[in-house]
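Enquirer:
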Amino acid sequence: MIKYEIKNDTTLEIQGNQIKFDYDINNIIENKNVLIVHLFVKKGKPPLNNIYAISDKGDIIWNIRDFVQEDYCYTGISVDDNGNLIANTFIGIAQIIDVKNKKLVGRKVTK
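Position one of the sequence shown corresponds to residue 8 (the numbering used here), numbered consecutively onward.
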């Protein structure tokens, strides 16, 4: 289990390394020794591509925009039975992501 701390709602600290985000951290899920960070969606100014993968040393591994070519506002994250990240968009599309291989493996409509 990766030990981390959230400071001032926008800063993630892992092993002394701090990552400051422009938006509040809404949720963190550990998956395959990686922290998946979902940033808070504020009314009026929702962030786009608001999901990051962070290593156990506190380095940013990827932003979802690295392999999902469209800009989306993500409203929630979860992990499926296969260990894939499910990233739900505001418009009702769920992106299915292989976290370890940094790859989009599918999509499904949720609305």
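By construction, the Cβ of each residue, glycine as well, lies at the ideal position given by its N, Cα and C atoms.
1. Can you say whether Gln76 is buried or exposed, counting buried as having 16 or more other CB atoms within 10 angstroms of its CB?
2. Keeping to the same chain, check which residues put their C-beta closer than 8 Å to that of Lys110; ignore five residues upstream and five downstream.
3. Please list the terminal residues of the continuous beta strand (DSSP E) segment that includes Ser85.
4. Where do the N-terminal and C-terminal ends of the beta strand (DSSP E) with Gly113 fall, by residue?
5. Out of Leu19, Asn89, Ser62 and Ile32, state which residue places its alpha-carbon closest to the alpha-carbon of Gly83.
6. If you follow the beta strand (DSSP E) that Thr96 is part of, which residue opens it and which one closes it?
7. Excluding five sequence neighbours on each side, which residues of the same chain lie with their C-beta closer than 6 Å to the C-beta of Val41?
8. Could you check which residue in Gln22, Asp29 and Met8 has the C-alpha nearest to that of Asn15?
9. When DSSP labels each residue in this structure, what does Asp73 get in the three-state scheme?
10. Going straight from the alpha carbon of Val44 to that of Asn57, what length do you get?
Expert: So, from the data block:
1. exposed
2. Phe74 and Ile104
3. In this chain, the beta strand (DSSP E) harbouring Ser85 covers Tyr81 to Val86.
4. First-last of the beta strand (DSSP E) with Gly113: Lys110 to Val116.
5. Closest option to Gly83, Cα to Cα, is Ile32.
6. Here the beta strand (DSSP E) through Thr96 covers Leu92 to Thr96.
7. The answer, listed in chain order, is Ala60 and Val106.
8. Asp29
9. helix
10. 8 Å
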